[in-house]
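Notes follow the structure.
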Amino acid sequence: EVPTTLLHNVNRLVEECILPNMPPMALQDEDDFRRQRLYCEDMHLLYHKHLDTLKALYSRYRLPPREGGLRQPQLQLDDWMAMFDALKLVDDSFTLRHLKSCYVFARMTAVDEYSTRKNEQITFV
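So the mapping is simple: our numbering equals the position in the sequence shown, first residue as 1, plus 6.
Structure representation (structure tokens):
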């Protein structure tokens, strides 16, 4: 007898149809990405070597809000995309998908039901 509950069918859909077709990047744990690629001595040294340039880029590409007003202290995804577009860093080997994944993986996720824009920005620490 085959179970036909909603729970069984949703699990089957995810396990048999969705997960096998997901790109590996989508299944990567964000904390693993940060620990392996950002929180290491090599990255620390590289970061400090280029700190002035990184701060200048961060400041330059924080765009004013679409609604008008002062620039936010956070770098929005649109700002991130504009910076990489201006620097001509997206190509066949570093695609828009990679660009967006780096942005998403680099930001810390904090659940805040009062702020819908919280997960759409990163700050310069």
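The C-beta atom is built at its ideal place from N, Cα and C for all residues, glycine as well.
Every value quoted in this text rests on a predicted model; they were computed, and no experiment measured them.
Between 105, 56 and 98, which lies nearest to residue 85 when the distance is taken from Cα to Cα?
-> 105
Any heavy atom of the ligand MG closer than 7 Å to the CB of residue 22?
-> In the structure shown, the ligand MG is absent, as is every other ligand, since no ligand is present at all.
Given a cut-off of 8 Å, decide if residue 87 and residue 63 are closer than it, judged by their beta-carbon atoms.
-> no
Mapping DSSP to helix, strand and coil, what is residue 42?
-> helix
Report buried or exposed for residue 42, applying the criterion of at least 16 other Cβ atoms within 10 angstroms of its Cβ.
-> exposed
To the nearest angstrom, how far is it from the Cα of residue 32 to the Cα of residue 14?
-> 23 Å
Span of the alpha helix (DSSP H) holding residue 54?
-> 47-55
Just the Cα atoms here: how many angstroms apart are residue 74 and residue 23?
-> 44 Å
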